[in-house]
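Q:
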Amino acid sequence: MNEGLFTPPELTDSIEMPGNRGGSNWGMTASNPTNGTMFVVSMDIPAILKDERRAPPSLWNIPTSGTPAQKGKAVYHFYCERCHGTEREGAPPAIPSLVNAPTVFGSGTVKDVVKYGLKDMPGFPDLTSTLLDDLITYLGNPQSAPGPLPPGGEPPAGSGSAGSNAVRYWTGYGLQPSIISPPWSRITAYDLNQGTIKWQAPLGDAPQAAREHLKGTGVMLPRDGPVITATGLLFIATKDEGKLRAYDQETGKVIWSVDLPAASEGVPAMYEVDGREYIVVCATSAKQTEIPRDGPEAPSAEPVHRSYVAYALPENLLGQK
Ligand code: HEC
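The letter at position 235 of the sequence shown is residue 234 when you use numbering that gives the first Met the number 0, and the numbering goes up by one with no holes.
1. If you follow the beta strand (DSSP E) that S306 is in, where does it begin and where does it stop?
2. Express the C-alpha separation of T28 and Q193 in angstroms, rounding to a whole number.
3. In this structure, what does DSSP give as the bridge partners for Q199?
4. Taking T283 as the reference, which of P267, A268, G274, S306 has the closest Cα?
5. Compute every distance between the C-beta of V98 and the non-hydrogen atoms of ligand 1, then say whether any falls below 7 Å.
6. With hydrogens ignored, establish whether the beta-carbon of A285 is closer than 7 Å to any heavy atom of ligand 1.
7. For the candidate residues P181, A188, R244, whose alpha-carbon lies nearest to that of L213?
8. What span of residues does the beta strand (DSSP E) with E15 cover, start to end?
9. Look up E80 in the DSSP assignment and say whether it is helix, strand or coil.
10. Would the C-beta of P121 count as close to ligand 1, meaning under 7 Å from any of its heavy atoms?
11. Closer than 7 Å by C-beta to P221: which residues in its own chain qualify, once you throw out the five before and the five after it? Chain order, please.
12. For T170, which residues of its own chain have a beta-carbon under 7 Å away from its beta-carbon, when the five flanking residues on both sides are left out?
13. State the Cα-Cα distance for the pair I61 and A144, rounded to the nearest angstrom.
14. Where does the unbroken alpha helix (DSSP H) through Y115 begin, and where does it stop?
15. Going by Cα to Cα distance, which pick from Q175, V266, G122 is closest to V226?
16. Three or more C-beta pairs under 8 Å: does that hold for the region 128-148 against the region 17-36?
17. Please state whether DSSP places V103 in a helix, a strand or coil.
18. Does the distance between the C-beta of V226 and the nearest non-hydrogen atom of ligand 3 fall short of 7 Å?
19. Which of the three DSSP states, helix, strand or coil, is assigned to W25?
20. For D133, which option in L174, D247, H76 has the closest C-alpha, if you only look at C-alpha atoms?
21. Under the three-state reduction of DSSP, which class applies to D132: helix, strand or coil?
22. At the level of alpha carbons, what is the spacing between T11 and H83?
23. Return the CA-CA distance between D247 and W255, expressed in angstroms with no decimal places.
24. With a threshold of 8 Å on Cβ separation, who are the neighbours of N140 within its own chain once the five nearest residues in sequence on each side are excluded?
25. Cutting at 8 Å between CB atoms, please list the residues of its own chain near T102, excluding the five before and the five after it.
26. Is H76 close to chain B, meaning its C-beta is less than 8 Å from at least one C-beta of that chain?
27. Answer with buried or exposed for D125, where buried requires no fewer than 16 other C-beta atoms within 10 angstroms of its C-beta.
28. Which class does V303 belong to by DSSP, given the choice of helix, strand or coil?
29. Hey, is H212 close to ligand 1, as in C-beta under 7 Å from one of its heavy atoms?
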């Protein structure tokens, strides 16, 4: 059902396209005022949303009585099940199966991923280390917690019970990057004077698809914005790939690219010293291929070689135009 911009998700799974991370985000545009061109970076990430009367998981949901395995089962039920499935089967390849997860991934990794998140998976920093241990116990041997869950605690405020007739609904993020065909992200150059599109180009190659020899797919979930020069270039980095590219503003052709020591998020900065132009990027995130563990430094995380990298543009560039 689509009744326009403010159509709410339904009580059953509803497709939202582009999803709540789709379209364009702050910092993802740049304009050239001399010829009225605007460059917009956008992503096509559908989401599957579903309104539920159940609030997002909170520690209130976890029973205070019961065995460690039963508490672990409650953690799984409230925190993991909506993505990893009732039978821990997941939805590979986007969402891995958690069958035998402590053996498959290692208990330490499971705990780190749950605490800090991993790409599209949110972290759950509220879970205590005891509850994480209980979760591992349950995941290692689900048969150790047979039967229904022990009763939980108080529901979180605002879930529409006592004293109010208002019903509050909730939904998760539901992002499903790869259920549509690529490109998953692109750059569009708009001619604002004509109201037309000058060109569109995919924003790089998703490493996930490059493994299957697909090119020009656009990275999934870019977190990068473009910067443009008066000399006709458009620079943009891609987080997942850890690349920086220069496009021709007129044609959308990639005319230069470089592998950064780490992935870059955000918008590059341009500056000038003694008539020479420079571009600097912060390269501080893990590349997709390095099993990123963004955020806090999990002990098991791959080291990320964090740096600022500056490139000098060719000396004669400013004089050319
Ligand atoms: C909102 C959806 C969502 C929820 C909720 C969620 N996960 Fe995930 N999980 C994912 C996605 C997506 C991935 C794949 C991440 C990637 O791209 O590698 C993942 C990956 C994992 C992995 C694999 C880590 C690795 O090293 O490859 C483990 C283990 C895991 N999740 C455990 C859990 C546990 C335990 C919970 C509950 C405490 C949980 N997840 C809750 C979406 C979710």
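Each residue gets a CB set at the ideal place from its N, CA and C atoms; glycine is no exception.
A: With the given structure in hand:
1. As a position in the sequence shown, residue 306 is number 307, starting the count at 1. Here the beta strand (DSSP E) through S306 covers 306-311.
2. Taking the sequence shown and counting its residues from 1, the one referred to as residue 193 is at position 194. Taking the sequence shown and counting its residues from 1, the one referred to as residue 28 is at position 29. Here the C-alpha atom of Q193 lies approximately 18 Å from the C-alpha atom of T28.
3. Sequence index remark: in the sequence shown, residue 199 carries index 200 (1-based). T187.
4. The residue given as residue 283 occupies position 284 in the sequence shown. The shortest Cα separation from T283 among P267, A268, G274, S306 belongs to S306.
5. Taking the first residue of the sequence shown as 1, we reach residue 98 at position 99. Incorrect: V98 has no Cβ contact closer than 7 Å to ligand 1.
6. In the sequence shown, the residue the question calls residue 285 occupies position 286. Checking every heavy atom of ligand 1 against the Cβ of A285, none is found closer than 7 Å.
7. Looking up residue 213 in the sequence shown gives position 214. Ranking P181, A188, R244 by Cα distance to L213 puts P181 first.
8. Mapped onto the sequence shown, residue 15 falls at position 16. Unbroken beta strand (DSSP E) run through E15: 13-15.
9. The count along the sequence shown starts at 1 and reaches residue 80 at position 81. In the structure shown, E80 sits in a helix (DSSP, three-state: H, G or I).
10. Sequence index remark: in the sequence shown, residue 121 carries index 122 (1-based). Checking every heavy atom of ligand 1 against the Cβ of P121, one is found closer than 7 Å.
11. In the sequence shown, counting from the first residue as 1, residue 221 sits at position 222. V40, M42, S184, L202, T237, K238.
12. Indexing the sequence shown from 1 puts residue 170 at position 171. Correct list, in chain order: P8, L48, K49, D50, E51.
13. If you number the sequence shown from 1, residue 61 lands on position 62. If you number the sequence shown from 1, residue 144 lands on position 145. So the two alpha carbons sit approximately 14 Å from each other.
14. Position 116 of the sequence shown holds residue 115. DSSP places Y115 inside the alpha helix (DSSP H), whose first and last residues are 106-115.
15. Within the sequence shown, numbered from 1, the residue matching residue 226 stands at position 227. Looking at the Cα atoms, V266 is the closest of the given residues.
16. The region 128-148 is not in contact with the region 17-36.
17. As a first step, residue 103 must be located in the sequence shown, where it is residue number 104. Assigned with DSSP and collapsed to three states, V103 falls in helix.
18. With respect to ligand 3, the structure shown offers nothing to examine, as its ligands consist of ligand 1.
19. The residue you call residue 25 lines up with position 26 of the sequence shown. In the structure shown, the three-state DSSP call for W25 is coil.
20. The residue given as residue 133 occupies position 134 in the sequence shown. If we check each option's Cα against that of D133, H76 comes out closest.
21. Taking the sequence shown and counting its residues from 1, one reaches residue 132 at position 133. D132 falls in the helix class under three-state DSSP.
22. Taking the sequence shown and counting its residues from 1, one reaches residue 11 at position 12. Taking the sequence shown and counting its residues from 1, one reaches residue 83 at position 84. Those two C-alpha atoms are separated by around 18 Å.
23. Start at 1 with the first residue of the sequence shown, and residue 247 comes out as number 248. Start at 1 with the first residue of the sequence shown, and residue 255 comes out as number 256. Their backbone Cα atoms lie some 9 Å apart in a straight line.
24. Mapped onto the sequence shown, residue 140 falls at position 141. If we look at N140 and ignore the five residues flanking it on each side, its Cβ neighbours are A68.
25. Your numbering for residue 102 matches position 103 in the sequence shown. Once the five neighbours on either side are set aside, the close Cβ partners of T102 are G139.
26. The structure shown contains no chain B; it holds only a single protein chain.
27. Taking the sequence shown and counting its residues from 1, one reaches residue 125 at position 126. Its Cβ having fewer than 16 others within 10 Å, D125 is exposed.
28. Against the sequence shown, residue 303 aligns to sequence position 304. Residue state, collapsed to three classes: coil.
29. Stepping through the sequence shown from its first residue, residue 212 is reached at position 213. Not so, every heavy atom of ligand 1 lies at least 7 Å from the Cβ.
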